[in-house]
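The opening position of the sequence shown corresponds to residue 157 in the working numbering, with each subsequent residue numbered one higher. Heads up, the beta-carbon is just placed ideally off N, CA and C, and yes, glycines get one too. Following: one structure in structure tokens, then a few remarks.
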Amino acid sequence: MPTTPQRLAHDFQRALQDLQKERERTRQLMAELDRQNHELDRLRSSVHRESNSRLLAEEALDETSDRLQLAVEAAGLALWDWQLPSQQVFLTARWGELLGDIAVDGYWDTSALIDRVHPDDRARAQATAGELLQGRQQRTVVQYRVRTAGGWLWIESHGMVAEHDAKGRPLRLMGSHADISERKRVEAEGAQARAQAEQASQAKSEFLANISHEVRTPLNALMGLTRLLMDSPLNTEQKSWLDLMDSSAHALLDLLNDVLDLSRIEAGKLSMENVQFPLRDTLAEVSALYAEQARTKPLSWELQLSARLPDHMQGDPGRLRQVLNNLLSNALKFTPRGGRIRLTADLLTGSAGGAHQLRLQVQDSGVGIAKKHQSTIFDAFTQADASTARKFGGSGLGLAICSRLVQLMGGRIDLVSELGQGSTFTVTLPLGETTATDRGPLSAPMELNEVAQAGHRFAGLCVLVAEDHPVNELLMKQLLQRLGCSVRLARDGEQAVAQWELGGVDLVLMDVQMPGSNGLEATRRIRERDIQLGRPHTPIVAVTANAMNGDREACLLAGMDGYTSKPVSPQALIRAMDEALMRSAHRGVPCAATPEPPPAHQPGAAGPLDIDKLRRRLDGDETTLRQLAQAMRTDLRQRLLALQQAHLAQDIGMAVAHAHGLKGSLGSMTAERGARLAKGLELAARSRDWPLFGRALPLMQAEAKQIDGALAALLSAPPAA
């Protein structure tokens, strides 16, 4: 085809277009190449970063692993890993150290591990492992002993399920073992310390119970004889001496009650009562008791009762009196002549409808209390300084008991005082709830007046007195005769039951601690016979030196209708008799008194008897003196025979009962040396030291011969003019 200019131009134009397309494609290829290069650079950078991150992660993991390893080593843990269903468990080197074996990581057969567990702990350890293996628990903890080269080692094993299969069954268990021998040793020492503390607390309670009984028995005789003497013709000097004896006996009784109260509070066994009582009358009565003493000193005395004060209050009137008695007694003691004392009572209204509170304040202008002593003034056996007890007396228990009683009543007690400027004690109590307690023994003149005011409501009653102590028996007999009662006597539980079975007994006053069948056993037998014979219920009142927490409940549980503790307070006994008689549907026909031989109880020996002192105690009552002498001779022979039998049979109960009884009567009858010998016999019997008991018994017998001779001489001599 011939080439023409037009053809050439057309070919040239097409070539230019193809060149343009190639250029565009080249540009696109270059752009793609740049993009690919950029992506390659990015990938190279990413790979570099990932490599660095992996290195950092590996370094962090290594650091974490090192820390974990250090923590495990510091904690002394042996790690374990159990891949199921293998019968081997991987354990770290620490396990070998614990067992005293080679310290190396390794696998242990499960059977070998189980064999190392203490037989007593094996079942518990296997049961815990079973919880994990069966999937019932995801985590467990168990303590058990394992056998080591040096003996048994306590370990605590923690375990968990680390992996599961598709059905949730455990595939891998992991955990740790820790040596807890030191913890177990501390726990054992703590348990031993608690046991020792409980034993010490029990021993203290038993000691206080014994001390209470030992002190109350002679104290009952002392206070009773004082009452009898005060009711006899006396000159002014003799009356003054008896007043001092009476106040001293009451001080001793108050101290005994304080010690018992403090013990009960510390043991958490002091029960607070809950009754409605006349608040204004109670405060007026307490104030009146101390107002006369204040006027005698002399002191200015003031009682201020707010008009807002309610007439009645729910609370514990006995404990409220006890707190006020302690505070007012201290105010009288520490305020010099010419000073002033004020008792104020007001009602505090609670905010926003809160409960009302009673505020009591005892203010005095006495010696005051230094700031440095105020922080400890409510501690037991603490006084302001060492000279306080020497100058003013006291045991330091009063304020401690006040503080704890107020706390038990839900209140608080505060003190504001300056040395030489007097003191103000403020007691704040809720008007809440708590049954009134018996008042303690009154002074002898007040008690005699109360007996006289009892009128004739007991006249003609036949009262059976079961009491093994001759002096206490005599005192009870005379008190009942002053009330117009006829009296029957019994020396022990057997005699009490026998006397009751004779019939005609309207009321029984039952001592608890008597030889042979005691008062509780006698009461149970009487109650059984009540039912068997179809007799009306006979009221029985416990009159006992057992005054610890729970003694009242034990008496009532045995079937008694009332309870009063020794020293016997006439007003408390009258109240108990009234209550017991009111509970009984039967009030027996008075029976003629069947005079029995006067109380024969534990006479004994203590050097020669002080007959003159005995006469003074009885106000020269020669008839009563001869009755006691005859009773002592009879009882002395019986006690010595019983002690011989107890020694041969090594009967602890029999020996303690008769030695204890002998000691009480000899002390009351001025036979001091014999009382000490009887005390030695009692202690030897309680400690089961029969060789010592055997050596002391002949000494007691020899001393008894001297006492019996003195009593025989007394009975053969003509009555003193």
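Item checked: Range covered by the beta strand (DSSP E) that runs through T700 -> Locating residue 700 in the sequence shown gives position 544, where the first residue counts as 1. Note, T700: beta strand (DSSP E), I696 to T700.
Check: Are three or more beta carbon pairs between the stretch 813-822 and the stretch 784-796 nearer than 8 Å?
Finding: Touching, per the Cβ criterion.
Item checked: Rounded straight-line distance, which links the Cα of D271 to that of E709 -> For this step, residue 709 is matched to residue 553 along the sequence shown. For this step, residue 271 is matched to residue 115 along the sequence shown. One C-alpha to the other measures close to 55 Å.
Check: Just reading off the beta strand (DSSP E) that M316 is part of, what are its end residues?
Finding: Position 160 of the sequence shown, counting from 1, holds the residue named residue 316. Run containing M316: G307 to H320, per the beta strand (DSSP E) assignment.
Item checked: Three-state secondary structure assigned by DSSP to D190 -> Sequence index remark: in the sequence shown, residue 190 carries index 34 (1-based). In the structure shown, D190 sits in a helix (DSSP, three-state: H, G or I).
Note to self: For D791, report the span of its alpha helix (DSSP H) as first-last.
What the structure shows: Working through the sequence shown from its first residue, we reach residue 791 at position 635. Element bounds for D791: E778 to A805.
Check: Where are the beta strand (DSSP E) runs, 3 residues long or more, that stay fully inside the stretch 445-491, in chain order?
Finding: Listed in chain order, the complete beta strand (DSSP E) runs (minimum 3 residues) inside the stretch 445-491 are 456-461 and 468-471.
Item checked: Beta-carbon proximity of V308 to K340, cut-off 7 Å -> The residue you call residue 308 lines up with position 152 of the sequence shown. The residue you call residue 340 lines up with position 184 of the sequence shown. For the sequence presented, residue 308 should be read as Trp rather than Val. No. Outside cutoff.
Check: What are the start and end residues of the alpha helix (DSSP H) that includes V627?
Finding: Walking along the sequence shown from the start, residue 627 turns up at place 471. Note, V627: alpha helix (DSSP H), P626 to R638.
Margin query: Under DSSP, the beta strand (DSSP E) around G718 begins and ends at which residues?
Written below: Indexing the sequence shown from 1 puts residue 718 at position 562. Counting along the chain, the beta strand (DSSP E) containing G718 begins and ends at G718 to S721.
Checklist line | the stretch 569-577 touching the stretch 521-535, judged by at least three CB pairs closer than 8 Å | finding: Under the 8 Å Cβ criterion, the stretch 569-577 counts as touching the stretch 521-535, having at least three qualifying pairs.
Notebook entry, point to check: Quick one, which of M469, K453 and E448 has its alpha-carbon nearest L459's?
Noted result: Stepping through the sequence shown from its first residue, residue 459 is reached at position 303. If we check each option's Cα against that of L459, E448 comes out closest.
Notebook entry, point to check: Using CA coordinates, which residue listed in P241, E354 and K769 is at the minimum distance from A110?
Noted result: Because the chain spans 157 through 877 in this model, residue 110 falls outside it and cannot be assessed.
Margin query: Spatial neighbours of H320 within its chain, please: C-beta separation below 7 Å, excluding the five flanking residues on both sides.
Written below: Residue mapping note: residue 320 aligns to position 164 of the sequence shown, counting from 1. Same-chain partners within the cutoff: P326 and L327.
Next item on the list: Starting from G262, trace the beta strand (DSSP E) both ways and give me its first and last residue.
Entry: Along the sequence shown, read from residue 1 onward, the residue named residue 262 stands at position 106. G262 to D265 is the span of the beta strand (DSSP E), which, as asked, contains G262.
Check: Does P586 come within less than 7 Å of chain D when only Cβ atoms are used?
Finding: Among the protein chains of the structure shown there is no chain D, as only one such chain exists.
Item checked: Closest Cα partner of D520 within the set M810, N486, Q513 and L514 -> Along the sequence shown, read from residue 1 onward, the residue named residue 520 stands at position 364. Ranked by how close their Cα comes to the Cα of D520, the residues M810, N486, Q513 and L514 have N486 in first place.
Check: Where does M670 fall in DSSP's three states?
Finding: Start at 1 with the first residue of the sequence shown, and residue 670 comes out as number 514. M670: coil per DSSP, three-state reduction.
Margin query: Please classify Q577 as buried or exposed, where buried requires at least 16 other C-beta atoms within 10 Å of its C-beta.
Written below: By 1-based counting over the sequence shown, the position of residue 577 is 421. Under this definition Q577 is an exposed residue.
Note to self: Taking 7 Å as the threshold (C-beta atoms), are R477 and V442 in contact?
What the structure shows: Looking up residue 442 in the sequence shown gives position 286. Looking up residue 477 in the sequence shown gives position 321. In this structure, V442 sits near R477, with a CB-CB distance shorter than 7 Å.
Margin query: Taking the beta carbon of R383 as the centre, do at least 16 other beta carbons fall within 10 Å, making it buried, or is it exposed?
Written below: Counted from its first residue, the sequence shown places residue 383 at position 227. Its Cβ being crowded by 16 or more others within 10 Å, R383 is buried.
Margin query: Residues in the same chain with beta-carbon distance under 8 Å from A869, minus the five sequence neighbours each way, listed in chain order, please.
Written below: Residue 869 sits at position 713 when you count from the first residue of the sequence shown. In the same chain as A869, and ignoring 5 residues on each side of it, no C-beta atom comes closer than 8 Å to its own.
Next item on the list: Evaluate contact between the stretch 611-625 and the stretch 658-668, counting only Cβ atoms and requiring at least three cross-stretch pairs below 8 Å.
Entry: The stretch 611-625 is in contact with the stretch 658-668.
Note to self: Starting from R325, trace the alpha helix (DSSP H) in both directions and tell me its first and last residue.
What the structure shows: As a first step, residue 325 is located in the sequence shown; it is residue number 169 there, counting from the start. Neither: R325 is in no alpha helix (DSSP H) and is coded neither H nor E.
Checklist line | One or two residues paired with M330 in a DSSP bridge | finding: For the purposes of this step, residue 330 is identified with residue 174 of the sequence shown, where counting begins at 1. According to DSSP, M330 bridges with D237 and M316.
Margin query: Assess contact between the stretch 381-399 and the stretch 349-357, defined as three or more Cβ pairs (one per stretch) separated by less than 8 Å. Is contact present?
Written below: The way I'd put it, the stretch 381-399 doesn't touch the stretch 349-357; fewer than three beta-carbon pairs between them come closer than 8 Å.
Margin query: Short of 8 Å in beta carbon distance, which residues of its chain neighbour L398, apart from the five on each side in sequence? Order them along the chain.
Written below: As a position in the sequence shown, residue 398 is number 242, starting the count at 1. Excluding positions up to five away in sequence, the list reads T382, L385, M386, L390 and A600.
Note to self: Tell me which residue opens and which closes the beta strand (DSSP E) that Q109 is part of.
What the structure shows: This structure does not reach residue 109, given that the chain is present from 157 up to 877, and the question cannot be answered.
Margin query: I need the boundaries of the alpha helix (DSSP H) containing V653, first residue and last residue.
Written below: Counted from its first residue, the sequence shown places residue 653 at position 497. Run containing V653: G649 to E657, per the alpha helix (DSSP H) assignment.
Item checked: For I525, the first and last residue of its enclosing beta strand (DSSP E) -> Along the sequence shown, one-based indexing puts residue 525 at 369. No beta strand (DSSP E) contains I525, which DSSP labels as neither H nor E.
Item checked: Beta carbon of L503 nearer than 7 Å to that of R464 -> By 1-based counting over the sequence shown, the position of residue 503 is 347. By 1-based counting over the sequence shown, the position of residue 464 is 308. Contact: yes.
Next item on the list: Helix, strand or coil for L585, going by three-state DSSP, please let me know.
Entry: Sequence index remark: in the sequence shown, residue 585 carries index 429 (1-based). If DSSP states are grouped into helix, strand and coil, L585 belongs with the strands.
Check: If we ignore side chains and look at the alpha-carbon of each, how far apart do L737 and L455 end up?
Finding: For the purposes of this step, residue 737 is taken as residue 581 along the sequence shown, with counting starting at 1. For the purposes of this step, residue 455 is taken as residue 299 along the sequence shown, with counting starting at 1. Here the alpha carbon of L737 sits roughly 45 Å from the alpha carbon of L455.
Check: So L439 and A501 are in contact, right, with Cβ under 8 Å, and what is the actual spacing, rounded?
Finding: Translated into the one-based positions of the sequence shown, residue 439 becomes position 283. Translated into the one-based positions of the sequence shown, residue 501 becomes position 345. About 6 Å separates the CB atoms of L439 and A501; that is less than 8 Å, so the two are in contact.
Check: With DSSP run on the structure shown, which of helix, strand or coil describes F849?
Finding: Taking the sequence shown and counting its residues from 1, one reaches residue 849 at position 693. In the three-state reduction of the DSSP assignment, F849 falls in the helix class, which pools H, G and I.
Margin query: Going by beta-carbon coordinates alone, are G101 and L631 separated by less than 7 Å?
Written below: No answer is possible for residue 101: the residues shown for the chain start at 157 and end at 877.
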